[in-house]
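> Using the working numbering, you'd call the opening residue of the sequence shown number 24 and step up by one each time.
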Amino acid sequence: LLTVSISVRSLGDSPFGVVATLGTMIGMTGFADLGLGQGLMTRLAQSQGNNDQAAMKPLVSSALASLSGLGAAVAILGSASIAFLPWEALLGSPGLPQAEINASVLIFAISVGVAIPASVGPRVLLGTQQGAVANTWSLAASVAQFAAVAAAAWLGAPVWAFVAATISVPVLVSCVESVWVLRRAAHLRPGRSHVSRDVTKHLMRLSGLFFVLNFAVSAAFQSDALITSAVLGASSAAVFAVGLRMFGAAS
Numbered sequence: 024l025l026t027v028s029i030s031v032r033s034l035g036d037s038p039f040g041v042v043a044t045l046g047t048m049i050g051m052t053g054f055a056d057l058g059l060g061q062g063l064m065t066r067l068a069q070s071q072g073n074n075d076q077a078a079m080k081p082l083v084s085s086a087l088a089s090l091s092g093l094g095a096a097v098a099i100l101g102s103a104s105i106a107f108l109p110w111e112a113l114l115g116s117p118g119l120p121q122a123e124i125n126a127s128v129l130i131f132a133i134s135v136g137v138a139i140p141a142s143v144g145p146r147v148l149l150g151t152q153q154g155a156v157a158n159t160w161s162l163a164a165s166v167a168q169f170a171a172v173a174a175a176a177w178l179g180a181p182v183w184a185f186v187a188a189t190i191s192v193p194v195l196v197s198c199v200e201s202v203w204v205l206r207r208a209a210h211l212r213p214g215r216s217h218v219s220r221d222v223t224k225h226l227m228r229l230s231g232l233f234f235v236l237n238f239a240v241s242a243a244f245q246s247d248a249l250i251t252s253a254v255l256g257a258s259s260a261a262v263f264a265v266g267l268r269m270f271g272a273a274s
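Next comes the structure, spelled out in structure tokens:
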């Protein structure tokens, strides 16, 4: 709520609506990893329960390789969408300069692409029963996001900078988290020689149901802001985003 208050005061309703819509849309892209992240978490939990550390390195290595490829594809396609998708209409922001909209969408697309492989760290922590550590990193991401938004407001930064502060900064924290998690335990440290086609196929078979579930949840619960912005405009999306954040904080 503090980041919302700072952003609204600094940007105004319509530009903040763009930031809020893109910030909500990153939740919609949770299915972009095809369910591999949750598949990895499930298999790691099984290996942890069986005390089978030898199985963990191929799981992490294969998942990271697959997620890195998916992330690169998403970043490239998302960046290219500037040329063929009417982002100005989708974000309900005809008054904003096209250059600012393009820059915001580019930052969003790259952040989503990077977030896909960066999710390995949190998944490993949860899969190996280290939820308290994962929550600590989530808190660090929230603090870093608040600091970045406050800095953008203090500097009078443009819309794309608020998009970077809101979306990219937590993703960067996830990158640091993943490096920290994978480097501190030898049995989790990925290596090219441990990437296995069989393990990847096994993860893909498991991840199919997770993908369907994530897609359904994203479509049902994460598309509201985009629809509001496209139909009613960015200013209405800003009001909707504030109400949504207040409801989320209360619940």
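The beta carbon of each residue, even a glycine, is placed where N, CA and C say it ideally should be.
Residues in its own chain within less than 7 angstroms of residue 5 by CB, not counting five upstream and five downstream?
No statement about residue 5 is possible, as the shown extent of the chain runs from 24 to 274 and does not include it.
> Tell me whether the segment 116 to 130 and the segment 27 to 47 touch, counting them as touching only if at least three CB pairs, one residue from each stretch, are closer than 8 angstroms.
yes
> How long is the line joining the alpha carbons of residue 188 and residue 219, rounded to whole angstroms?
37 angstroms
> Between the segment 93 to 103 and the segment 126 to 135, do at least 3 Cβ pairs fall closer than 8 angstroms?
yes
> Buried or exposed: which applies to residue 107, given that a residue is buried once 16 or more other Cβ atoms fall within 10 Å of its Cβ?
exposed
> Report all residues from its chain with a CB closer than 6 angstroms to the CB of residue 83; omit the five preceding and five following residues, and keep chain order.
211, 213
> Which first and last residues belong to the alpha helix (DSSP H) in which residue 144 is found?
143 to 150
> How many Å lie between residue 110 and residue 184 at the Cα?
A direct Cα-Cα distance of roughly 18 angstroms separates residue 110 from residue 184.
> What do you get for residue 70, buried or exposed, if any count of 16 or more other CB atoms within 10 angstroms of its CB means buried?
buried
> Looking only at its own chain, which residues have a Cβ that is under 6 angstroms from the Cβ of residue 38, when we skip the five neighbours before and after it?
182
> Can you give me the Cβ contacts of residue 91 inside the same chain, cut-off strictly under 7 angstroms, excluding the 5 residues immediately before and after it?
140
> Identify, in the order they occur along the chain, each residue of the same chain with its Cβ nearer than 7 angstroms to the Cβ of residue 172, setting aside the five sequence neighbours on each side.
26, 29, 30, 185, 188, 189
> Confirm, please, whether the CB-CB distance from residue 147 to residue 226 is below 9 angstroms.
no
> What ranges does the alpha helix (DSSP H) occupy inside the segment 167 to 247, keeping only unbroken runs of at least 4 residues that lie completely in it?
182 to 186, 192 to 207, 220 to 244
> Starting from residue 71, follow the alpha helix (DSSP H) in both directions and report where the run begins and ends.
59 to 72
> Given residue 176, which residues of its chain have a CB within under 6 angstroms of its CB, disregarding the five upstream and five downstream residues?
Result list for residue 176: 29, 33, in chain order.
> Look up residue 90 in the DSSP assignment and say whether it is helix, strand or coil.
Correct three-state label for residue 90: helix.
> Identify, in the order they occur along the chain, each residue of the same chain with its Cβ nearer than 7 angstroms to the Cβ of residue 222, setting aside the five sequence neighbours on each side.
81, 82, 85
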